[in-house]
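Here's the structure, in structure tokens; my notes come after.
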Amino acid sequence: MSLILFAFVVRVRDGLPLSASTDFEHNRELQERKQQLRTISKALARFPDRGTVKGQQLNIYFVSSEGVSYMTVCHCSLPVAKAFCFLEDLHWEFTACFNSTVVALAARPYPFLEFDGTIQKLRQQYNQSGGPALEVTLAEVQEDLRIHPPQVINLDDVELSNGTANGHVEQAPGSGPNQRLEPVTAPGILSLVLNIMCASLNVIRGVHLIEYTFQDDYEGIWNVVAFLLAFLCCVLQCHLYLFHSSLKKLKSFTLLSVIILCNLYLFGMRNAWQLIFHISVASLSTVLILTRKLQDRTNDCGV
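All letters in the sequence shown, in the order written, are residues -15 to -1, 1 to 288 by mature numbering (1 follows the signal peptide of the UniProt record, and there is no 0).
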């Protein structure tokens, strides 16, 4: 019976899979442990250099060094020292083939497929002979483990932390910024484009007016303020549509009111059609902000 069932090499900083052994066993617990390996690999940066996860029949062991983590699934009857000895041998084999620069530049999963054969040979060596060729190496690992025992990892904590990082933990009603809104619709895209257009017109007119205001003893300073304030409100309307926020109704009506007041104040610098255009765009944005709901959490299960 094979005692070392699976080996996995990943990059620590982001959990990118670099290489893995090929297994032909369809053990249900093995498939669960392999899935747990991927979960752990996403959180390796928070763990010490060595760790273990206990299972019913299969255990997970890992060793991290120089930005790369070497992970394995072993039968519980395999001595811990031999499992870590296997990982140390795997570490030396990998570093002999690939330097840290090549590892850091890897951009796609499993870029070092040629190393899979090396993993298979090392697994066979351990499974057939029962351990490394040099007993002194095993003794050194045993002593090192006695002095610095590996941390026992609680998988519940790992899965919870990964869920938090990916935004899938249960949130309180007031924690809006991390909640998901319904997908952006075609009218929403149109309103964003029109809002950006209005914001651009406001800031261009406002900046252009500043030069003349300073030359005319600040007589048109309030016109500049109205243009720039309308610009700011247009930008905030875009933000309010794209991202969930508490007190959304109050904020949206406040922004709409300010835009209307600014445009009414600018009557004379803008004709009636221009005022109608700006106020209509702001009104459309307000309606879309209020009608865009939070996505039903049940639709996000299993992502």
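Glycine is no exception: its CB is placed at the ideal position from the N, C-alpha and C atoms.
Since we're looking at a predicted model, the values are computed, not measured.
Alpha carbon of residue i to alpha carbon of residue j, nearest angstrom
i: P134; j: P96; result: 32 Å
i: L194; j: L186; result: 12 Å
i: F71; j: G102; result: 15 Å
i: K236; j: A68; result: 59 Å
i: F100; j: F79; result: 8 Å
i: Q20; j: A215; result: 52 Å
i: A66; j: S231; result: 54 Å
i: P172; j: S242; result: 22 Å
i: W207; j: R190; result: 13 Å
i: L123; j: A92; result: 35 Å
i: L275; j: L221; result: 14 Å
i: L43; j: N112; result: 15 Å
i: R(-3); j: A89; result: 9 Å
i: L260; j: F212; result: 12 Å
i: N256; j: S265; result: 14 Å
i: I244; j: A267; result: 7 Å
Close-in-space but distant-in-sequence residues of the same chain around residue i (CB under 8 Å, 5 per side omitted)
i: H76; result: V48, S50, V53 and Y55
i: F(-10); result: A5, S6, D8, L15, R18, K19, L22, T57 and V58
i: L107; result: A(-9), F71, D74, L75 and E78
Cβ-based burial, residue i [other Cβ within 10 Å; buried from 16]
i: R18; result: buried
i: C219; result: buried
i: F83; result: buried
i: residue 342; result: The first residue shown for the chain is -15 and the last is 288, placing residue 342 beyond what the model contains.
i: S114; result: exposed
i: S85; result: exposed
Same chain, Cβ closer than 6 Å to residue i, five either side skipped, listed in chain order
i: E73; result: none
i: S26; result: V(-6) and G(-1)
i: R35; result: V48 and P135
i: L63; result: L(-13)
Residue i: CB within 7 Å of a non-hydrogen atom of the ligand HEM
i: L217; result: No copy of the ligand HEM occurs in the structure displayed, which carries no ligand at all.
Beta-carbon separation (whole angstroms), residue i vs residue j, contact threshold 8 Å
i: C223; j: N180; result: 5 Å
i: T37; j: I138; result: 7 Å
Same chain only: Cβ atoms within 7 Å of residue i, ignoring 5 sequence neighbours per side
i: P158; result: No answer about P158 holds up, because its pLDDT of 41 lies below 50 and its placement is not dependable.
i: F252; result: L260
Only counting runs of 3 or more residues, tell me where the beta strand (DSSP E) segments fall wholly within the segment 85 to 131, in order along the chain.
none
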